[in-house]
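Going down the list, the sequences are from chains A and S.
Quick note, the first sequence lines up with residues 1 to 354 if you use the working numbering.
Quick note, the second sequence lines up with residues 1001 to 1354 if you use the working numbering.
What follows is a set of notes on a single structure, which appears directly below.
2 protein chains.
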Amino acid sequence: MAAQRRRPTQVDIARRLGISQATVSLVVSGGPASFQVADETRRAVLEAAAELGYTVNAAARSLKGGRNRLLGLYTFEPVFPVDRRDFYFPFLLGVEEETAACGYDLLLFSSATARGDRSIYASGGNRLKVADGCVLLGRHIDRAELAELVREDFPFVFIGRREVPGRELSYVAPDNVGATRDTVRSLAGLGHRQLAYLKMAEDQEPTRDRAAGFRQGIADAGIGEDEVLVHAMDDPAAITGGLLQEWLADGITALLVEPSEDDAAIAAVERAAAEAGIRIPEDVSVALLGDPPLSESTRDWTRYTPPREQMAREAVRLLLELLDDEEGRPRQLLVDCRPIAGETVAGPSAGRPS
Amino acid sequence: MAAQRRRPTQVDIARRLGISQATVSLVVSGGPASFQVADETRRAVLEAAAELGYTVNAAARSLKGGRNRLLGLYTFEPVFPVDRRDFYFPFLLGVEEETAACGYDLLLFSSATARGDRSIYASGGNRLKVADGCVLLGRHIDRAELAELVREDFPFVFIGRREVPGRELSYVAPDNVGATRDTVRSLAGLGHRQLAYLKMAEDQEPTRDRAAGFRQGIADAGIGEDEVLVHAMDDPAAITGGLLQEWLADGITALLVEPSEDDAAIAAVERAAAEAGIRIPEDVSVALLGDPPLSESTRDWTRYTPPREQMAREAVRLLLELLDDEEGRPRQLLVDCRPIAGETVAGPSAGRPS
DNA sequence: TCTTGCACTTCATACGTATTAAGGATCCGG
DNA sequence: CCGGATCCTTAATACGTATGAAGTGCAAGA
């Protein structure tokens, strides 16, 4: 059998049956209009379609204005490297499953190119537009590209809260404000009053949200702004044993650490503590403001965890809503995080027999 | 600013500048033809394009040109469940990276649907055809669907050797024949002559290849067919301590175990050995014919491992070759596996002080 | 017989792009 | 003033599909 290079089209089916392309379209498009075609005709069309191996040309369909039944997933940073794997995996899983459950296929936009030219607007145009809409993911987003996406009015939902000046975006995000506030409250409930808060230096939305939660938390607990210490970590190596000792000498009894996708910050704290002979939680309590991969640490950190898989599913659902909404009004969803009581938090005087 | 519902097209740019759509196309398509346009005109077009936020319509472009710059990845079984994750991950990674490196995007066909209706031909047609070509993956393939794919002349490359009667397929596969043969040889080199070979009951190509390698291996070593025992595992639970004891009593000194994507078979052997107080490798040597996830076992098994990530990259490369080949001649590539000398193989008399 | 309605099918067109052959300038040599 | 060459631009068309409008044939009702 010689290879038939060209794929069969509706016209091929129509010609073979001596009917019109329009009728074929009515049948194979399946919709409600399909029932206005005579049973016999419909059967013949379907049979011929199967025989010729016909499949709808997605490009043509979406050109016409219809949908592609393709959803995109774009991440602003590589998802696959091993140290990030456990962090991103639940998102991937959730998006994949929900997309499938809704009858869509998933377009995974190339992430880690060898040349590092990671961009939505790589080859002249917006690659994402092949899909009907897109789920976006990642911490180190390109603001210019995001703004451009918004300007183009392309439907997308971000996982994680993101802002663009003068425009509301759609997102599904963990309630970092509330979770951080609750963490502070719970530390305060144990008697901690002098806190050190290690925040990330980069001023992203999640960082701002945690900062807001922190302020709420200390306000609720009646702790003054002057009793706490806020330290921006630009370089994890700057967290030294000496620094920790200084803090403890100043009366600090608990640390709040904002993690990233890798566990650099946590590793730094752990190392610094070991270096200075400081015990966790006996000498100082440590709570993480999130749930990083923790591949290097075997410790059971006190932390809070967002329901990642569920967030991903919600993102897909929101995106589909968005697509069906003629006006494309943005959707926003905050989800609660689950606190995990680990072994790194204790009362403030645990290590100091009084 | 009100949301502009319709995206700007080449026609919009042309109208604004009072030129024709064709000229705009020449400019924005960028290619060599772009230079036949007067500099001034080109600048004006690019400027207007930027101003209007024009982006090329991927659907229209691919409708015209035939190619989508999309490659598909379809797996015949769910990739994401945790116990399979480590097994499939290198494949995913390799396909993803190579696809990106070649300037394509990756279409990840939905795997685990809630309703379990996992099929290429789910909604009337071949879903894969949205992509220019497809990488296929998975052990439990649907033969009928595969045959149909072949009949439709859809370009694909399988990871793993697959056969369809009367037709050559394209694949990248580990050299299971050679690797199994070498495993047998190396056992024979240690003095093992009476071997038990636990093969999978399902008669898939990889199983047949290992069986062929096994026969080659014992022939090379001058071991008779009657000195070996071939056991088809239909149910891992059937591997009991008693069975192992029987085999040892018969003089068997080494086991070859064919693994699957999960580690059921290996777990079964380990359990049975423990049950009967049989030590590995003192009482019996065990070599695996492959490299399963081994999530439950901490033992360092003697085995061989295919270069999974590399295989995936090769598969993508072969697929692109296939697409560029007008005649679509099948490509086949066998890759060597790397033997891993673990701690589960020793000489035949290790446990019997003579 | 002439409507009227119904069931089914087709016509015609639009979607946005790439491309080819042809069109219109302008200029030069003869 | 013509042939021809060069340079730039455009008209026309095809890609495969979806869809509203229009058409066909037929049976039933007036």
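Cβ coordinates follow ideal geometry from the N, Cα and C atoms, glycine included.
Continuous alpha helix (DSSP H) stretch holding residue i: start and end
i, result
"residue 1310 of chain S", "1308 to 1324"
"residue 201 of chain A", "Note, residue 201 of chain A: premise wrong, no alpha helix (DSSP H); not H, not E."
"residue 151 of chain A", "143 to 152"
"residue 1278 of chain S", "Where residue 1278 of chain S is concerned, there is no enclosing alpha helix (DSSP H), given that its DSSP letter is neither H nor E."
Proximity test, residue i beta-carbon vs the ligand FAD heavy atom, cut-off 8 Å
i, result
"residue 183 of chain A", "Among the ligands in the structure shown, none appear at all, so the ligand FAD cannot be discussed."
Partner residues on chain S for residue i, Cβ-Cβ distance less than 8 Å
i, result
"residue 150 of chain A", "Within 8 Å Cβ-Cβ: nothing; residue 150 of chain A doesn't reach chain S, min ~10 Å."
"residue 109 of chain A", "1105, 1106"
"residue 62 of chain A", "1059"
"residue 70 of chain A", "1107, 1130"
Where the beta strand (DSSP E) containing residue i begins and where it ends
i, result
"residue 285 of chain A", "285 to 288"
"residue 1173 of chain S", "1171 to 1174"
"residue 303 of chain A", "303 to 305"
"residue 156 of chain A", "156 to 159"
"residue 339 of chain A", "338 to 340"
"residue 137 of chain A", "133 to 137"
"residue 1294 of chain S", "First-last for residue 1294 of chain S: undefined, no H or E at that position."
"residue 106 of chain A", "105 to 108"
"residue 130 of chain A", "From DSSP, residue 130 of chain A is part of no beta strand (DSSP E); its letter is neither H nor E."
"residue 335 of chain A", "332 to 335"
Integer Cβ distance of residue i from residue j, believed to fall under 8 Å
i, j, result
"residue 941 of chain S", "residue 1254 of chain S", "Only positions 1001 to 1354 of chain S appear in this structure, which leaves residue 941 of chain S out of reach."
"residue 344 of chain A", "residue 239 of chain A", "That pair is no contact at about 16 Å."
"residue 188 of chain A", "residue 223 of chain A", "7 Å"
"residue 178 of chain A", "residue 155 of chain A", "Not really, about 28 Å apart at Cβ, beyond 8 Å."
"residue 1335 of chain S", "residue 1172 of chain S", "7 Å"
"residue 161 of chain A", "residue 206 of chain A", "7 Å"
"residue 1256 of chain S", "residue 1183 of chain S", "7 Å"
"residue 1293 of chain S", "residue 1263 of chain S", "6 Å"
"residue 1322 of chain S", "residue 1313 of chain S", "The pair is not a contact, with the Cβ atoms about 15 Å apart (cut-off 8 Å)."
"residue 168 of chain A", "residue 316 of chain A", "Between residue 316 of chain A and residue 168 of chain A the Cβ distance is about 20 Å, and since that is not below 8 Å, they are no contact."
"residue 1073 of chain S", "residue 1146 of chain S", "About 16 Å separates the two Cβ atoms, so there is no contact after all."
"residue 1339 of chain S", "residue 1190 of chain S", "Going by Cβ atoms, the distance from residue 1339 of chain S to residue 1190 of chain S rounds to 13 Å, so no, they are not a contact pair."
"residue 46 of chain A", "residue 12 of chain A", "In fact, because the Cβ distance is near 14 Å, the residues do not count as touching under 8 Å."
"residue 1319 of chain S", "residue 1027 of chain S", "The pair is not a contact, with the Cβ atoms about 32 Å apart (cut-off 8 Å)."
"residue 149 of chain A", "residue 107 of chain A", "In fact, because the Cβ distance is near 15 Å, the residues do not count as touching under 8 Å."
"residue 266 of chain A", "residue 288 of chain A", "7 Å"
Residues that residue i contacts on chain A, provided the C-beta gap is smaller than 9 Å
i, result
"residue 1007 of chain S", "129, 152, 153, 154"
Per DSSP, cross-strand counterpart(s) of residue i
i, result
"residue 345 of chain A", "Paired residue(s): none; residue 345 of chain A is not in a bridge."
"residue 1164 of chain S", "S:1167"
Chain-ordered neighbours of residue i on chain A, where CB pairs are closer than 8 Å
i, result
"residue 1298 of chain S", "None at all; the shortest Cβ gap to chain A is about 15 Å."
"residue 1053 of chain S", "148, 151, 152"
Review point. Hey, which unbroken runs of the alpha helix (DSSP H) at 4 residues or more fall wholly within the segment 1176 to 1259 of chain S?
Key: 1176 to 1189, 1205 to 1220, 1241 to 1249
Check your understanding: Which ranges does the beta strand (DSSP E) cover as unbroken runs of at least 3 residues, wholly within the segment 16 to 78 of chain A, from first to last along the chain?
Key -> 70 to 75
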